[in-house]
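Residue numbers (my numbering), protein chains in the order written: chain A, 1 to 181; chain B, 1001 to 1181; chain C, 2001 to 2181; chain D, 3001 to 3181.
Note that beta-carbon positions come from the ideal geometry of N, C-alpha and C, so glycine has one too.
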DNA sequence: CATGAATGAGCTTTCATTCAT
DNA sequence: AATGAATGAAAGCTCATTCAT
């Protein structure tokens, strides 16, 4: 086997195909062909087709929880902008598409997306608390700002690709910072 | 033929099923059963299965374009909040889910969702322009605010249902208004 | 369709094949080929393979219950011998094999076989009661005689074909008559 | 390797599974799992799946041929009753089920069952000959009695479990003795 | 001997679509 | 327009068997 073992090649193929055509529209036979393995081998490693998707989500997406936030007191705009440099999500672009695309398909995908969402909000809130020490009193407003920022980031990750619209997270960061200033 | 004619009942059934299980996972036979029509009749009205989805989007979603915005000069928060009372989208809850869920399935769905997105941004921008006559000079900032608000509304419509998180559009409206104030 | 409609031809084919090779060892594809119908049509009429077997048992075996017994008072041997002329079972030889062969496969087959057994015993008991009016007092002995006769008849129907042994029901009838005489 | 060596554990597992679900419906993978051996090892000991069944029958059923019969002259009922204490078959309950259940599956099973049947009849005949020295002249009647008793015993072993009916061999023994008396 | 990944034919079942009526 | 039987390609999945290690 030239590139990786069979199981890995199956997951590679599935990742590409699920991202492109969707889980339901991707036959296992096509996964097998792309992975250059016999069809039966897929079911040796993954007893049911859905287990391929579950394995992908389990093994190839990681919501980074609890990492420290790179916050600069007095610079909420810059702090948020740095947050927007990357979602707290270790996953390939294909896996990111799968995460949003198949959130309805299986509970484990939905759960992962929900975790990402929650972590995003938590980070944004925490970053703002650090960047704006004086604003801690207004927790509700910070919460709204954090959720708004999270919404924008997920919107950018997901819908923008579908609709062709763009949104600049840095500008949103500045907007929100201004609102809290 | 209790409610509506056959074609209508087919679309009713498909709407419910596509929203619940997704387009790919819904067999035409199940649509026929729920609609209480013979299987063949579906293909009389809709030569291919995808035509059912296209017809649903065409006939049961309407992006209201160009309607006037209920803006109050000097009250950007209230103006945005009123915008958030309802998306410029005439569609049942089921059709809304279909719009987001099947945006990858067929071009016409994606186009409709993109149209909704564009209209949302346009309205938000226009509303802010009216509510903040003095801010017209800073078009870029208005644009960002509008896009942010649109992102929040679509996020609420789509992801919140999946992840269980909530966001209060009125609070976001106030936040944005404050940022622009 | 030359001989019978498709559903009938499917059942005909299944009857022949289940009797010959057994239910588990008979692929639906072979049924379809013998019946000269496309494979998919089998599942149009019988959603699952087991439904073919159930339909066969339901529609092509009939345990004749409660029919009068041709009893001659004073001639228990002849009366039992007449009983042995035919089991109270309307079914082709193939269906008879299926009934015994697949009794473990599905509840409905087992139930039918149990009904046959029960009816056989009931008839034998009733026949003996009529043929031996004076013996009614010894109900237990009649019961044993009836069960013995039933066992012999089922043994003849089932095991004899497997083992190559033969048993003459008329001689058993006479033996039992003698025992009760 | 808690109980026995691998080969024994494979046979143990197969015995249990074949008795419960039937030969055809039992995958070798399930046998391997229950036996706690790797899948490939089964085919090391038994090149084909059917060889597992053949080995079971060969090694775990024994038709006891030619053993002396515990006959008491003048007491045919007791003699038969003692015969009914146990079939001339050394085999676990599971193997007994397999013997009847899979008689159609493979020649060796059918042969063993036929042998059991023959031995049963031979013993019953011999027992009756010894118990009724005066009846030796009427060989035909003895033969019928023996076959009847064999039929009852096999019926009890096989069908009774399926149909829920019971039959008391002792009472049958007495009935037959009475018939010959 | 022992192992479990690998194989591929074949299984039951699904399903969009057609078509005679 | 209305019907449901008919079609067959393709789906997910099973499984006895092989084989390199």
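Not a single C-beta of chain D is nearer than 8 Å to the C-beta of residue 2049 (chain C). Along the region 1027-1101 of chain B, the alpha helix (DSSP H) occurs as fully enclosed runs of 4 or more residues at 1028-1035, 1039-1045, 1049-1060, 1076-1084, 1093-1101, listed in sequence order.
Residue burial annotation: residue 2181 (chain C) is exposed, with fewer than 16 other C-beta atoms found within 10 angstroms of its C-beta.
Between residue 3123 (chain D) and chain C, the shortest Cβ-Cβ separation is not below 8 Å. Counting every other CB atom within 10 Å of its CB across the protein chains shown gives residue 3068 (chain D) a total below 16, marking it as exposed. Within the same chain, and ignoring the five residues on either side of residue 3073 (chain D) in sequence, the residues whose Cβ sits closer than 7 Å to its Cβ are 3130, 3131, 3133. For residue 1045 (chain B), same chain residues with a beta-carbon under 7 Å away, outside a window of 5 residues either side, are 1007, 1010 in chain order.
Residues of the region 73-88 of chain A with a Cβ closer than 8 Å to any Cβ of chain B: none. Secondary structure of residue 1166 (chain B) (DSSP, three-state): coil.
Contacts between residue 3148 (chain D) and chain C, judged by CB atoms closer than 7 Å, involve 2148, 2152, 2172, 2175 in chain order. With contacts defined by Cβ atoms closer than 8 Å, residue 167 (chain A) and residue 149 (chain A) do not form a contacting pair. Put simply, the CB of residue 3131 (chain D) is far from chain C, with every gap to its CB atoms at 8 Å or more. In summary, residue 2058 (chain C) is exposed, with fewer than 16 beta-carbon neighbours lying within 10 Å of its beta-carbon over all protein chains present. Here DSSP, grouped into helix, strand and coil, assigns residue 3005 (chain D) to coil. Ranking C:2012, C:2103, C:2178, C:2043 by CA distance to the CA of residue 2034 (chain C) puts C:2012 first. Cβ-Cβ distances below 6 Å link residue 116 (chain A) to 63, 89 in the same chain, with the five nearest sequence neighbours on each side left out; the list follows chain order. Identification of chain D residues near residue 2024 (chain C) by a Cβ-Cβ cut-off of 8 Å yields 3022, 3024, 3025, ordered along the chain. Per the Cβ contact rule, the region 1103-1121 of chain B is not in contact with the region 1073-1082 of chain B (fewer than 3 Cβ pairs under 8 Å). The region 1049-1056 of chain B makes contact with the region 1095-1113 of chain B, as at least three CB pairs between them are under 8 Å.
The alpha carbon of residue 100 (chain A) has as its nearest neighbour, out of B:1163, B:1060, B:1039, B:1083, the alpha carbon of B:1163. Of the candidates D:3036, D:3172, D:3004, the residue whose Cα lies closest to the Cα of residue 3156 (chain D) is D:3172.
Secondary structure within the region 1112-1174 of chain B: the alpha helix (DSSP H) runs of 4 or more consecutive residues, fully enclosed, are 1139-1157, 1159-1163 (chain order). Contacts with chain D (Cβ-Cβ distance below 7 Å) from the region 2088-2110 of chain C involve 2101, 2103, 2104, 2110, listed in chain order.
Rounded to whole angstroms, the gap between the alpha carbons of residue 2142 (chain C) and residue 2071 (chain C) is 15 Å. Here residue 1127 (chain B) has 1069, 1071, 1079, 1080, 1083 as same chain residues with Cβ atoms under 7 Å from its own Cβ, once five neighbours each way along the sequence are excluded. With respect to chain D, the C-beta atom of residue 2005 (chain C) has no partner C-beta closer than 8 Å. Annotation for residue 50 (chain A): 106 place their beta carbon closer than 7 Å to its own, counting only its chain and skipping 5 residues before and after.
Within 10 angstroms of the beta-carbon of residue 2029 (chain C) lie fewer than 16 other beta-carbons, which makes it exposed.
Residue burial is scored here from C-beta neighbours: residue 2086 (chain C) has fewer than 16 other C-beta atoms within 10 angstroms and is therefore classed as exposed.
Taking C-alpha positions only, residue 1178 (chain B) is separated from residue 174 (chain A) by approximately 13 Å. Residue state for residue 1107 (chain B) is assigned as helix, using DSSP reduced to three classes. Sequence-distant partners of residue 3017 (chain D) (beyond 5 residues in either direction) whose C-beta falls short of 7 Å from its own C-beta, in its chain, are 3026, 3030, 3031, 3034. Rounded to the nearest angstrom, the gap between the Cα atoms of residue 159 (chain A) and residue 125 (chain A) is 23 Å.
The residue among C:2147, C:2123, C:2144 with its C-alpha nearest the C-alpha of residue 2065 (chain C) is C:2123. Chain A places a beta carbon closer than 8 Å to that of residue 1163 (chain B), counting this residue as a contact.
Shown here for residue 1098 (chain B): same chain residues with a beta carbon closer than 6 Å to its own, the five before and five after excluded, namely 1018, 1019 in chain order.
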